[in-house]
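Engineer: In terms of this note's numbering, the numbers along the sequence shown are unbroken and rise by one, the last being 955.
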Amino acid sequence: MSTDVLLSVEAISKRYGGLQAVKDLSFDLRRGEILGLLGPNGAGKTTAFNMIAGYVRTDAGRIVFEGRDIAGAKPWAVCAAGIARTFQLSRPFGGMTVRENLVVGHLEKTRDRAASLRMADELIDFLGLQALADTDAELLTAFDRRKVELGRALSTKPTLLLMDEVVAGATPQEAQTMVGLVKRVRDRGVTVLIIEHVMKVIMGLSDRVIVMHHGQLIANGQPQAVVREPHVLKAYFGDD
Ligand code: ATP
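1) Asp879: buried (16+ other C-beta within 10 angstroms of its C-beta) or exposed?
2) Quick check: what's the CA-CA separation for Thr871 versus Gly732?
3) Taking 7 Å as the cut-off, does the CB of Leu734 come closer than this to any heavy atom belonging to the ligand ATP?
4) Can the beta-carbon of Leu750 be found closer than 8 Å to that of Ser921?
5) If we count the other Cβ atoms within 10 Å of its Cβ and call it buried at 16 or more, is Leu721 buried or exposed?
6) Of all the options Leu854, Thr886 and Leu908, which has the alpha carbon lying nearest to the alpha carbon of Gly810?
7) Please state whether the Cβ-Cβ distance between Leu844 and Lys862 is less than 8 Å.
8) In the DSSP assignment, find the unbroken beta strand (DSSP E) run with Tyr731 in it and report its ends.
9) Out of Arg867, Asp849 and Val779, which one is the CA nearest neighbour of Leu822?
10) Starting from Ser831, trace the alpha helix (DSSP H) in both directions and tell me its first and last residue.
11) Which same chain residues, not among the five before or five after Glu889, have their C-beta less than 6 Å away from its C-beta?
12) For Gly776, does the three-state DSSP call read helix, strand or coil?
13) Suppose contacts are defined by Cβ-Cβ distances below 8 Å. Is Ile785 in contact with Val813 by that definition?
14) Between Val894, Trp791, Ala788 and Gly820, which has its C-alpha nearest Leu869's C-alpha?
15) Indicate, with yes or no, if the ligand ATP has a heavy atom lying under 7 Å from the CB of Gly757.
16) Name, in chain order, the residues that DSSP records as bridge partners for Ile909.
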């Protein structure tokens, strides 16, 4: 991991009516690291993600990616800049096979069908989906749909991958498989920002974690140390 900053989130905020969902949130993401984003329900994690990915407009602040402020950019422009995301609910294109699902994202970027097919087959191998390559993506199990979702994000050749709760509802074995895949994604040079509720997963995966509570950053550091901080424990288990 280098100390080179890939993404710098600078005092971003978002209000929904009377509710301040994210307030003055700032953090850096270093090239090559896996950063875990933690926080209790409603802390503002998904809103922060959506602001980075261009799905939600920031009220204030800057989002500097590879030296360029992308705050306010549309999702397709953010994706073209090199940021891909997975969704909490995987939504592969139904009526299309796993392979076709993986071809689409790449084809959008390159317009080179042969290269897209090659890339799709590489991703199918990487994800262990060989036996399902020609199956309609709608017919897959929830976990295999998640893999396709990851594959679709990777097919856009991102520099930064934003992952939202990739093991929700997974069996322990599936969770372990996903952890292995995310580590291998990082080994391929992709930086990862991951929201995850399952503490064991985030602890085993993240180089560093940040914690949000009531829209604000309340901790930033090594996973083992951060989860012992009294105010982090209070945010998770306290009653405020
Ligand atoms: P969870 O872990 O439950 O997914 P989270 O940390 O991702 O929670 P957000 O989904 O970002 O939290 O929500 C932060 C706050 O903003 C919540 O109180 C939520 O109800 C509110 N919120 C999120 N999106 C909207 C919206 N589109 N309109 C109004 N309020 C919203």
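Even glycine gets a Cβ: it sits at the ideal position worked out from N, Cα and C. Computed from a predicted structure; not experimentally measured.
Structural biologist: According to the data block:
1) When all chains shown are included, Asp879 counts as buried.
2) Each residue's Cα considered, the two are about 35 Å apart.
3) The beta carbon of Leu734 sits closer than 7 Å to at least one heavy atom of the ligand ATP.
4) Yes, the Cβ-Cβ distance between Leu750 and Ser921 is below 8 Å.
5) With 16 or more Cβ atoms within 10 Å of its Cβ, Leu721 is classed as buried.
6) Leu854 is the residue among Leu854, Thr886 and Leu908 whose C-alpha sits nearest the C-alpha of Gly810.
7) In this structure, Leu844 sits near Lys862, with a CB-CB distance shorter than 8 Å.
8) Segment Val720 to Tyr731, the beta strand (DSSP E) holding Tyr731.
9) Of all alpha-carbon atoms in Arg867, Asp849 and Val779, the one lying nearest the alpha-carbon of Leu822 is that of Arg867.
10) From DSSP, the alpha helix (DSSP H) with Ser831 extends over Arg828 to Leu842.
11) Correct list, in chain order: Phe858.
12) Strand.
13) No, they are not a contact pair.
14) Per the Cα distances, Gly820.
15) True, at least one ligand heavy atom lies under 7 Å from that Cβ.
16) BP columns for Ile909 point to Gly751 and Met878.
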